[in-house]
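Residue numbers (our numbering), protein chains in the order written: chain A, 27 to 142; chain B, 3 to 226; chain C, 228 to 1065. Built from N, CA and C at the ideal position, the CB exists for glycine as well.
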């Protein structure tokens, strides 16, 4: 099964969006379930470990396909101009998303988790 | 002459409600961030406009640099380090502000602020009498105060520009703001979120007292 | 019959033959026109009238604030004025104006004759006009919305805004948004399917890339606001407590839904303007746009990032710092793709030979103003600074720098650039320069000082302020500047009138551009191109001076009239290879009547004549079904010649014609609204006070199970009907109808009998609305299946012409998914609420 070229172009940030929902969802749900166990400036080690684990996984998932695509690109020439265009733009987008992932979600490692 | 200009500019920043005339660590820290960002922005603005001017006026100037280099240098190499450094600093500062300027939690003085249309009421749960004041918030100077803010009707926003940033008063929720006044004095406060026709008049005053005057100002016996 | 076409002998004869088919009729016939040339201009003109109204309101604001204790307006009048200023400028000027420009330009840039769904264009225009008029009439009547343009609850709820004011906003704006959504679908399908032959993805004009991305953002960005507006209206009208903290609702839910729309909205407004710059600037630089591919990647990044930063309007509501950091980081990141575009433009200029002209002057104005707005935007993205600057005049200054810099200046450049195309005349240029300088200086005087006003503590939306605050002098200067700016805009209006009246006519391509819209006579003929171009390179490096006469002489594709039908070509999405011939419907009054029906629907809700509502709704559905009469064919047409010896099938015999894609995109928007509803309910579980609810009723397993089974059956039999295509279809479609009807009945019965009063708690209200949502989808599914039976019986369907059934398949499948989610939803909510009571 081949991926539709338009999906290929946006794939990087589609992945980033899914992660965004995941991180925000896990953080909010986690803080809610923690309930009274966290105070106003509270800390919740379990939730923080889960989020940091997610962060490491998503950084790896961001870099992995990019490197693989690079390798494949070195091996094979695209069929025509349009295919080459789709591959190039999709590559830029994926690279941008891979850089955006640690920057967007790195805060889970050290910022106040629940409460204000 | 430069000194005179600087003095005028600084005088232009003062005021009872001016965020640029800080009187506590939180507001001072944010004001510092503002001046740094202003200086950096001015430089970036001059750079971009300068490049535009040169590119238009001297068509041969920019041609030696390839189009790709223009884009990579200006679109990535220039903004990325600045944005990363700024964002990281802002996160660190956010943590500092959430702790009201870096104090330990047990030293907090707790007060409660209640926004109603269109006035602010304050209570003092740390005192035995727990009095209510309306339109005037009494705090001890030099101590970190945790204000628990809520509302009974619509959304308001609790803001003392010279002491700290704002926090919304949302019905059904309690939000917290930690702040400190360095010196005794009077500071203006106001509602920042539009809350109906009385919004413009929904002001209050903060009276910061020396530690020894605080209890008297609340009209109660000093706590043992 | 259908193969009967004669090639007219001369370009003039071809012009007359095509114009008879495409041209607008005179007299009352004008109301029936669906042509994108006419409707695009109507959109823009209407938007400019609303811009004038919004500008007038701004003048009132500046008059009020020029002194500290002004007696000019009281607090209530002022509230209506600032609310309407924001709402008019955002919803009735900015979005419709670029929609109008796009409707006018897009088919020309793509090398085709019209948009994919001309009647939908016209319907969208009428919805916009009627919805906008409701707001303006309310303003004149003194009952305009008065809670600020983002309508925060509970201030806009029935307790604190008991009058009709908030309803006017919720219903009027939703009415207008129908036009935004229909435009979004139409623009997407047009760009993906209706390009010139040979225009592969990598050859599209850059404006098409911008608009493809903007339209996609609109498709996903508007549904959350529409959903929020519906929920708030149900709270106001029927007491369903989605935003009432006393009954398990949460005012913050409104803020999330609003800004989930509201922040992408800023980029939805900026990107079309940036697209105009990317089209115009290379022409005046005399060299093609630099970094075409990097810009496209930047646009994609902007589009996604802009959906991940809505909470930067909510830093002060008490969200944990970690969550704020996601949004703050995305807000900072989104500056990078914008920087890439700015430096791509600088690279273009620096590698060309820039010419000076009025459009270029406005582009320089854009650089100056927008860069400042972008820099203050980065400042506001930083959480600590925003805690001080939020809700002050600093934000007012910032947003005007972004929106005026990022939209009004580029649009002025675009107006000076494309007005010769619309009028066939070039400007005289006596007033243009003076007008620019008055707007530019007036704008900066007004808004530059406002940054300081805000930092010195002046909140937004105050109608008076203490004289001792020290804000008076700053405000006075702002008011002064705003009057200079207004005079500048008046001068622009005069300049345009003079251009229409005294401009010099020209032959072709006055700016020496390389895009297709100049490869036609100006003012443009109703059909754009007498024959359709074939593209062999990037579509901003063409030579209109050579191409234009060739196309006019009929040397391209489809250079002949056939059957008196409006025809154009659809291509493969990726390669741009021609796929089929699209035979557009004829001009019709139906869009107008349907919009009037839609208007009755909204008015019945506004004035609480709820007994009219079902009839109005039914009439709208019925009229939409009537639309399809015009494109139906009783016989298979087979392949049609398109010129140059090629033949292609008509769209109703093609596999994935524009209407199939339109249904896909419509379902994406629908799904976004539904997912927002489900997630909104889960958000209430997490955030709202007064949870868990006392009682969410006894739904039982039987009802949901019956609904689920019958919906799966309906979807499956709908698919069987389309696979067969012939006579067996009636049986399968009957089964589909029955399945949908059972599901509709079950969901309605559950909603009305198995639940406690939906007024009692937001959790119950959520389940209630989810059931109603599912019931409406199944109900419509039954209507569509019944309609399919009628189409089959009437002979409009054959194995080759089964498009109606395949579009139906999409709906039946989607309705089944909606229903399955609805059937499971109460159990999810119940398990969450019972488990969490620490």
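If you run the structure through DSSP and keep just helix, strand and coil, what is residue i?
i                      : result
residue 305 (chain C)  : helix
residue 230 (chain C)  : Confidence is the limiting factor: at residue 230 (chain C) the pLDDT is only 46, short of 50, which leaves the residue's position unreliable, though a coordinate-based value still follows. Three-state DSSP puts residue 230 (chain C) in coil, outside helix and strand.
residue 208 (chain B)  : strand
residue 225 (chain B)  : With a pLDDT of 48 at residue 225 (chain B), under the threshold of 50, the modelled position of this residue cannot be trusted; read the value that follows with caution. It is coil, neither helix nor strand.
residue 215 (chain B)  : helix
residue 793 (chain C)  : strand
residue 178 (chain B)  : strand
residue 387 (chain C)  : coil
residue 1064 (chain C) : Because residue 1064 (chain C) carries a pLDDT of 40, less than 50, the predicted location of this residue cannot be relied on, and the following value inherits that uncertainty. If DSSP states are grouped into helix, strand and coil, residue 1064 (chain C) belongs with coil.
residue 1024 (chain C) : coil
residue 310 (chain C)  : helix
residue 738 (chain C)  : coil
residue 561 (chain C)  : coil
Run down chain C in chain order and give the residues with a C-beta less than 7 angstroms from the C-beta of residue i.
i                     : result
residue 195 (chain B) : 618
residue 192 (chain B) : 686
residue 84 (chain A)  : Residues of chain C passing the Cβ test: none, with the nearest at roughly 12 angstroms.
Rounded to whole angstroms, how far is the Cβ of residue i from the Cβ of residue j, which I believe are closer than 8 angstroms?
i                     : j                     : result
residue 343 (chain C) : residue 416 (chain C) : 4 angstroms
residue 885 (chain C) : residue 420 (chain C) : 5 angstroms
residue 870 (chain C) : residue 850 (chain C) : Incorrect: roughly 36 angstroms between the Cβ atoms, too far for contact.
residue 158 (chain B) : residue 193 (chain B) : 5 angstroms
Just to make sure I have the definition right: I need the residues of chain A whose C-beta is within less than 7 angstroms of the C-beta of residue i. Which are they?
i                     : result
residue 799 (chain C) : Simply none; closest approach about 10 angstroms.
residue 528 (chain C) : 39, 119, 122
Can you name the start and end residues of the alpha helix (DSSP H) that residue i belongs to?
i                     : result
residue 902 (chain C) : 885 to 914
residue 983 (chain C) : Where residue 983 (chain C) is concerned, there is no enclosing alpha helix (DSSP H), given that its DSSP letter is neither H nor E.
residue 101 (chain A) : 71 to 101
residue 489 (chain C) : 478 to 512
residue 807 (chain C) : Not the alpha helix (DSSP H): residue 807 (chain C) falls in the beta strand (DSSP E), residues 805 to 811.
residue 75 (chain B)  : Note, residue 75 (chain B): premise wrong, no alpha helix (DSSP H); not H, not E.
Nearest by alpha-carbon distance to residue i: which of the options is it?
i                      : options                     : result
residue 709 (chain C)  : C:668, C:663, C:926         : C:668
residue 828 (chain C)  : C:834, C:461, C:840         : C:840
residue 473 (chain C)  : B:39, B:193, B:156          : B:156
residue 119 (chain B)  : B:88, B:213, B:160          : B:160
residue 1026 (chain C) : C:798, C:861, C:924         : C:861
residue 137 (chain B)  : B:186, B:190, B:147, B:95   : B:190
residue 199 (chain B)  : C:441, C:1009, C:383        : C:383
residue 796 (chain C)  : C:756, C:765, C:833         : C:756
residue 632 (chain C)  : C:644, C:493, C:612         : C:493
residue 115 (chain A)  : C:522, C:245, C:1003, C:443 : C:522
residue 1086 (chain C) : C:471, C:635, C:650         : In this structure chain C extends from 228 to 1065, so residue 1086 (chain C) is not present and cannot be described.
residue 305 (chain C)  : C:286, C:321, C:466, C:316  : C:286
residue 625 (chain C)  : C:638, C:607, C:615, C:963  : C:607
residue 455 (chain C)  : C:463, C:377, C:481, C:956  : C:481
residue 764 (chain C)  : C:794, C:803, C:363         : C:803
residue 318 (chain C)  : C:425, C:349, C:404         : C:404
Considering residue i, what are the terminal residues of the beta strand (DSSP E) in which it resides?
i                      : result
residue 134 (chain B)  : 134 to 136
residue 169 (chain B)  : 169 to 171
residue 158 (chain B)  : 158 to 161
residue 1028 (chain C) : Where residue 1028 (chain C) is concerned, there is no enclosing beta strand (DSSP E), given that its DSSP letter is neither H nor E.
residue 393 (chain C)  : Element bounds for residue 393 (chain C): not the beta strand (DSSP E) but the alpha helix (DSSP H), 392 to 420.
List the residues of chain F whose Cβ lies closer than 8 angstroms to the Cβ of residue i, in chain order.
i                     : result
residue 141 (chain A) : In the structure shown, chain F does not exist; the protein chains are A, B and C.
For residue i, return the contacting residues in chain C, with the cut-off set at a CB-CB distance below 9 angstroms.
i                    : result
residue 31 (chain A) : 428, 800, 801
Starting from residue i, find everything on chain B with Cβ-Cβ shorter than 9 angstroms and list it in chain order.
i                     : result
residue 913 (chain C) : Ordered by position in chain B, no residue passes the 9 angstroms Cβ test against residue 913 (chain C), which lies about 12 angstroms from the chain.
residue 133 (chain A) : 93
Taking residue i as the query, report the chain A residues whose CB atoms sit under 9 angstroms from its CB, ordered along the chain.
i                     : result
residue 272 (chain B) : Absent from the model: residue 272 (chain B). The displayed extent of chain B is 3 to 226, so no value can be given.
Chain B partners of residue i, CB-CB under 8 angstroms?
i                     : result
residue 612 (chain C) : 32, 35, 36, 39, 92
residue 578 (chain C) : 64, 65, 69
Anything in chain A within Cβ reach of residue i, meaning under 8 angstroms, just list it in chain order.
i                     : result
residue 560 (chain C) : 126, 129, 130
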